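Peer 1: Have a look at the structure that comes next, please.
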Amino acid sequence: MTKKIEDLIPHRAPFLFVDEIISYTTDTIIGLKTFTDKDAWLQGSFTDFNFVPGTILIEAMAQCGGAGIKLLGIADGVFGLVSLDNVEFFGGVEFNKLVKFVVKNIRTSEKIIKQSGEAFDEDKLIMKGEWMCVKLQ
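Next comes the structure, spelled out in structure tokens:
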């Protein structure tokens, strides 16, 4: 990928949860994130398990989808997350492990983006869900 994630979406540290988009087509976007010691402020959620909070994984997956949409040139402007559907968790992912997000484009336009996605720890499915974003500006 030639563009930095910060050039694609408005999120900034410490609330930027995408390291890299490794693949993007009109159907599927694949992104990666490793939550490291820089993200230690998130560790208070599951201290006994060292898990990244599920809400952060949802946000990371949506950020991957948004960055991929920008790389595809489908939509321009700033989009905000407005709904979540069918979110399910099957396990946790520990800090310092690579998370792979596989995002499917369901509906894309200049004003609405509907996507679904799955998050993996190695080959293990840890969560899936759908979301919709609308153009804010």
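Numbers 6 to 142, taken from the numbering used here, label the letters of the sequence shown in order.
All C-beta atoms, glycine included, are put in the ideal place defined by N, C-alpha and C.
The structure presented is a predicted model; accordingly, all values stated were derived computationally and were not measured.
1. Taking only runs that begin and end inside the segment 55 to 89, name each unbroken alpha helix (DSSP H) of 4 or more residues, in chain order.
2. Taking the alpha-carbon of I138 as reference, which of T41, K105 and A67 has the nearest alpha-carbon?
3. Please state if the CB of I34 and the CB of V108 are separated by a distance shorter than 8 Å.
4. Near F46, what residues of its chain come up, given a Cβ to Cβ distance below 7 Å and the 5 sequence neighbours on each side ignored?
5. Please report the distance separating the alpha-carbon of K133 from that of V92.
6. Confirm, please, whether the CB-CB distance from K43 to A65 is below 8 Å.
7. Should the segment 13 to 28 be called in touch with the segment 67 to 86, which here means at least 3 C-beta pairs below 8 Å?
8. On a Cα-Cα basis, can you pick out the residue from K105, Q142, I117 and S114 that is closest to K129?
9. In three-state terms, what does DSSP make of L47?
10. Using the rule of at least 16 other Cβ atoms within 10 Å of the residue's Cβ for burial, across every protein chain shown, is I131 buried or exposed?
Peer 2: A quick look at the data gives this:
1. 59 to 77
2. If you number the sequence shown from 1, residue 138 lands on position 133. The question names Ile, yet the displayed sequence has Cys at residue 138. Closest option to C138, Cα to Cα, is A67.
3. Residue mapping note: residue 108 aligns to position 103 of the sequence shown, counting from 1. Residue mapping note: residue 34 aligns to position 29 of the sequence shown, counting from 1. For V108 and I34, yes; Cβs fall inside 8 Å.
4. Here residue 46 refers to the residue found at position 41 of the sequence shown. Strictly speaking, residue 46 in this sequence is Trp, with Phe absent from that position. Closer than 7 Å at the Cβ level, and outside the excluded window around W46, lie P19.
5. The residue you call residue 133 lines up with position 128 of the sequence shown. The residue you call residue 92 lines up with position 87 of the sequence shown. Taking the straight line joining both Cα atoms gives about 6 Å.
6. Your numbering for residue 65 matches position 60 in the sequence shown. Your numbering for residue 43 matches position 38 in the sequence shown. Taking 8 Å as the Cβ cut-off, A65 and K43 do not qualify as a contacting pair.
7. yes
8. Position 124 of the sequence shown holds residue 129. Nearest C-alpha to K129: K105.
9. Start at 1 with the first residue of the sequence shown, and residue 47 comes out as number 42. Correct three-state label for L47: helix.
10. As a first step, residue 131 is located in the sequence shown; it is residue number 126 there, counting from the start. The residue is buried, with at least 16 neighbouring Cβ atoms inside 10 Å.
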